[in-house]
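Convert by adding 629 to the 1-based position in the sequence shown; the result is the number in my numbering.
For glycine and all other residues, C-beta sits at the position ideal for the given N, C-alpha and C.
Fair warning: this is a prediction, and the values are worked out from it, not measured in the lab.
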Amino acid sequence: MLLTHLQAKTLYEQSNLVNFNARLRQAKTRWNGMIWQPPRKSVDAGISYEELQDRLIKMREASLDLKSVKIEINGKPVRVYPHQPHQNINSGIDDVFARGLDAVRAALEILKHMPLDSSHKLRSSLGRNPPVTPGMPELLALLQKFQQNMAIHHNDQEKGCKHAKKELRRFHGALSSLLCTKGVVDSRKQANHAINFVRDFLWKKDVCVASCVVQPLNENTTMLRYAAPMSFGPVEFKITRSGMNKPINYWTGKESWYRKLAKDVGDDETHPWLGNFFTTHKNDLKKQSSTPMSRHTPNPANAFECIDIIIKDGELKSMGHNIRMAVTEPLAVSNTDSRQTLTDWNHLQLISSKRLKNELNAFLEKWGALYQNDDTIPFTILHQTLIGDEVSFSPDQNKAKSSYLEASVLDSKTIANQAIRKLFSNNIILRHKENGNIVWLNRTYFHTQLQDVIPEGYQRVQIELLETNNCVNMWHARARVRNNDVNDSRRLIVQALAHFKKIAQLQPGDDLNHVIAFLNSPDHSFFTAHKFVPQTVRDALIHLTTALRADPDYLPDIMDTAPARENLALSLHAAVELKCTVHETWAGSIRRTITNFTRDYFRQLPVLGHLADWTVRGILGVTAFVFENILMLPFNLPQWIAHHHDRRVVFKAACEGLLAETLGTLQGGCMSAADRAGEIAEQRAARKKQFELEGKILGYHDSNDGKKAFFATYGSTEANHALVEMATGTPGTNDVETRGLNEAGLMSATETREEQKLAKSMASLRKGKYDDHITCRQYLKALAVGQEHTRTNPKQPSMRKTTRTVQPVTDEKQPLIPDTHPMFPTPMYQ
């Protein structure tokens, strides 16, 4: 949810009351007694499903208590992460064990929904005790064994984490073996998919809550990095094509996405567990945003409302928000038409009336004084993605289902946004002035019935939907740059100019006029792609920022609150810096336009079109190389020396996001919304910190010493790791692809080598790896990873030479487990 100013201040006050050191010490003591000390109590193998799930949830939350403290804001839970000086990621064996608990919960949920056999049905019909969930005794035995083995790794500080990950992989394999043995699915692959899907659903349903990272800037100023998982309701629009007039519904269980999911998780007439699961959890699934690892279901994936709050002297200084989410195309759905249909659905979910109401209310808190009475409210939405567009054989390209050579998930995003723009053009959007409610009116109805007259008490809303992509990873030099990636960024500046000109009309001044003139200057030149900010404009920005912060007589009736004045000052700086990153030569602009034309139209022909496209792009590439690197060398050499380590696209993405946040809303992310989206989110946050303390933001043409000082002073990734943990269940991020061989200018480069390795290691736990060789029985008999050399029985088989045969887990002549066994220490019962 979007926080109001009062809620943001309450969050700060409540987090200030927490004694983090004491709470975290208590959590550590409780966790050690709960998990790593020998169990002191036996649990009946007949424990109910509900009891076991409840205990597992408490254990999982206890693992999060090691790093954060849960508080409540207006009756809703928020996990507050304290600032850890000189530490970006806090993770280890505890997180590996906790990830195993997530897999146990998933396996238990799947077993719960498998059809009962005849003996279980007979017991139930005779009125006897409720039947035990099938596989429960074996599952308890596996969990006990996993806990015992992980305790060994916990005591091994040198190799513990490495062995713990291998242990988790074997444990995952044992769980998938159990599902196969119990007849839930046919193959290990299906079992793995099923566990992953249900694990991620349960994580979002029961554990994932809003998070907030506290980052003190100085004695008087604090930044709060708040992020809340988004939920969704029914789409408000109807299908009108072919004479139909009914609400959109993609949850009937007959859609292509459901059939693909059922195939992946092994649900069919012989093993119909997914149908039972779907019946039980359908309402929760319809509200949820899926995790980035499970991309079958409708709704934007991994979607969070993110808010950066700055509090100074106990008062709200500024607040900016964005929607952080993965690419809107459901990557796990194989059918192209179905993927586009669900992408359209996902984009519709982002413009619901409730969401527009909240975002417009936030917008008017900043700019409302400019658009009173009957003025049309100009609202901007920037859909920004951060992927490698059409980089052949790259990870991003391999996830594009249509073709490894030419497909892109941005194609479906573009088509969906075109449909949204058509929806905006076909309707008149009105906002009630008093309560902020949103009303959609068909344009024909508005013209014929209302005679183009806006009803009393309403204001018209004009929405500008822009879309850009910025490849911020190591493939940026090879990525396709579409025309809208540059043009829509320039249109964002035009949107800002409209606000600035309106202010200039109400209160003229030379400083604002200097900024407006610079933003109106040309975006092209003949010789160089670099644009510099004149000193007069830099001085004007300093004067305007100082006046907005310190002079109450400057714009007293237009910007009458501190957050509104700070928002205006930040938007001026962001627009100026963005202007420098969208400048290009005329030759470069022509080349981009031609290559996009041949890509979009020549390739409509199957073979010859591709050859013609590659030929044109090859010729233009060689020509551009000769022109830019040989003929224009005298003009470009000084700037090449100054910027050969910089990624211009990172500066563009950061300034784009800052400006979009001040003008309306920013939405989007990368493939998962965890890695590159986190990088750019931290870039924006660092600029906000710098702006708060220094009154300026980092620019593309700043000196190398200035850039190094910026990252040394404001660089941090701790907030991103906290959000990623809430989103995926593990705090790890995979930034290797982003850094590549040149990590200069990236936030992940502020991490130590040990932190980078740890982040990469923990990121592998998102999906989880499965040992497809080990069986349930073998895992129960095997020693912990790294302990094989201590075997006392020379005939005991080594786990390194296990067969692929899936052996039965139970044997009537030789029971696998006793009636009771030690499980869970005493604190779980308190």
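Taking just the CA atoms, how far does residue j sit from residue i?
| i | j | result |
| --- | --- | --- |
| LEU831 | ARG689 | 12 angstroms |
| GLY1415 | PHE907 | 40 angstroms |
| GLU1366 | ASP1304 | 9 angstroms |
| GLY662 | ALA691 | 11 angstroms |
| ASP1331 | LYS794 | 43 angstroms |
| GLN643 | PRO845 | 15 angstroms |
| ILE1270 | ASN1333 | 11 angstroms |
| ASN849 | PHE1008 | 33 angstroms |
| TYR1087 | LEU1148 | 33 angstroms |
| GLU1372 | VAL1020 | 20 angstroms |
| LYS1062 | ASP942 | 33 angstroms |
| LEU751 | PRO927 | Its pLDDT being 42, under 50, LEU751 is placed unreliably by the model, and nothing is read from it. |
| SER919 | GLN1080 | 44 angstroms |
| TYR1408 | MET922 | 26 angstroms |
| LEU1184 | ALA1169 | 16 angstroms |
| ASN905 | ASP893 | 16 angstroms |
| ASN1056 | ARG1313 | 34 angstroms |
| HIS910 | HIS1212 | 51 angstroms |
| ILE1016 | HIS1274 | 20 angstroms |
| PRO1137 | ALA1176 | 14 angstroms |
Excluding the 5 residues preceding and the 5 following residue i in the sequence, name in chain order all residues of the same chain whose CB lies nearer than 6 angstroms to its CB.
| i | result |
| --- | --- |
| ASN964 | SER885 |
| PHE800 | GLY729, PHE775 |
| MET1355 | CYS837, SER840 |
| ILE940 | TYR641, THR851 |
Does residue i pass the burial test, meaning 16 or more other C-beta atoms within 10 Å, or should it be called exposed?
| i | result |
| --- | --- |
| LYS788 | exposed |
| ARG828 | buried |
| HIS782 | buried |
| ASN931 | buried |
| GLY1250 | exposed |
| THR1404 | buried |
| THR1074 | According to the sequence displayed, residue 1074 carries Tyr and not Thr. It is exposed - the Cβ of TYR1074 has fewer than 16 other Cβ atoms within 10 Å. |
| PRO882 | Note that residue 882 is Gly in the sequence shown, not Pro. Classification of GLY882: exposed, given that the 10 Å Cβ count is below 16. |
| THR970 | buried |
| ARG1382 | exposed |
| THR1210 | buried |
| ASP1229 | exposed |
| ASN717 | buried |
| GLU1206 | buried |
| GLN1385 | buried |
| THR1005 | exposed |
| SER1054 | exposed |
| GLY1065 | exposed |
| GLY1335 | exposed |
| ALA1179 | exposed |
So, at 8 angstroms on beta carbons, what are the nonlocal neighbours of residue i in its own chain, with the 5 sequence-adjacent residues on each side left out?
| i | result |
| --- | --- |
| THR1222 | ASN1112 |
| LYS597 | With the chain covering only 630 through 1459, there is no way to say anything about residue 597. |
Within the continuous alpha helix (DSSP H) that includes residue i, where are the two ends?
| i | result |
| --- | --- |
| PHE992 | 982 to 996 |
| GLN1078 | Neither: GLN1078 is in no alpha helix (DSSP H) and is coded neither H nor E. |
| TRP660 | 649 to 660 |
| CYS1284 | 1277 to 1292 |
| ILE1122 | 1112 to 1135 |
| GLU1019 | GLU1019 -> no alpha helix (DSSP H), and no H or E assigned at all. |
| ARG828 | 817 to 831 |
| ASN1149 | From DSSP, ASN1149 is part of no alpha helix (DSSP H); its letter is neither H nor E. |
| ILE686 | 678 to 693 |
| GLU1060 | Correcting the residue type first, residue 1060 is Arg in the shown sequence and not Glu. No alpha helix (DSSP H) holds ARG1060; the beta strand (DSSP E) holding it covers 1056 to 1061. |
So, does the CB of residue i fall closer than 7 angstroms to a CB anywhere in chain C?
| i | result |
| --- | --- |
| TYR1329 | Annotation note: the requested chain C is absent from the structure, which comprises a single protein chain. |
Verify the contact flag: residue i, CB atom, against every heavy atom of the ligand GTP, threshold strictly below 6 angstroms.
| i | result |
| --- | --- |
| HIS822 | With respect to the ligand GTP, the structure offers nothing, as it holds no ligand at all. |
Could you pull the start and end residues of the beta strand (DSSP E) that residue i belongs to?
| i | result |
| --- | --- |
| LEU945 | 944 to 953 |
| PRO744 | Careful: PRO744 lies outside any beta strand (DSSP E) and carries neither H nor E. |
| GLN1233 | Taken as a continuous stretch (DSSP letters only), GLN1233 belongs to no beta strand (DSSP E), as it is neither H nor E. |
| ILE1067 | 1067 to 1071 |
| GLU1085 | Taken as a continuous stretch (DSSP letters only), GLU1085 belongs to no beta strand (DSSP E), as it is neither H nor E. |
| VAL707 | 705 to 710 |
Excluding sequence positions up to five away, which residues of its chain have a Cβ less than 7 angstroms from the Cβ of residue i?
| i | result |
| --- | --- |
| PHE649 | VAL698, PRO711 |
| LEU1039 | THR1014, ASP1018, ASN1098 |
| TRP1215 | HIS1153, PHE1155 |
Go through the region 837 to 888 residue by residue and report every complete run of the beta strand (DSSP E) that reaches 3 residues or more, in order. 839 to 845, 850 to 858
What alpha helix (DSSP H) runs, 4 residues minimum, are completely inside the region 897 to 976? 902 to 916
Which parts of the region 1296 to 1377 are runs of the alpha helix (DSSP H), unbroken and 4 residues or longer, counting only runs that do not cross its ends? 1305 to 1323, 1333 to 1343, 1347 to 1357, 1365 to 1368
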